Amino acid sequence: MEEKILELIEEYKGAGESLEHGLEWLPTNDSARAKIDVLNMVIEDLQNLSKE
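What the sequence shown shows, in our numbering, is residues 350 to 401, in sequence order.
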């Protein structure tokens, strides 16, 4: 299970990086910023879960 969690973390990090790159083109896109915030929370939760 831990391996799957680590894979999800990497996948979400990649999605977050893609959204951040998109913000370079649309810096006022609040929807993308909100999604980045949610992704960061999910990543943090998964990292905490993997440490348990």
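Every residue, glycine too, gets a C-beta built ideally from N, C-alpha and C.
The structure presented is a predicted model; accordingly, all values stated were derived computationally and were not measured.
- Residue state for M390 is assigned as helix, using DSSP reduced to three classes.
- The C-beta distance from I385 to K362 rounds to 11 Å, too long to fall under 8 Å, and the pair is not in contact.
- In the three-state scheme derived from DSSP, where H, G and I count as helix and E and B as strand, N397 is classed as helix.
- Rounded to the nearest angstrom, the gap between the Cα atoms of S367 and D394 is 20 Å.
- The beta carbon of R382 lies closer than 8 Å to those of L372 in the same chain, with the five residues before and after it left out.
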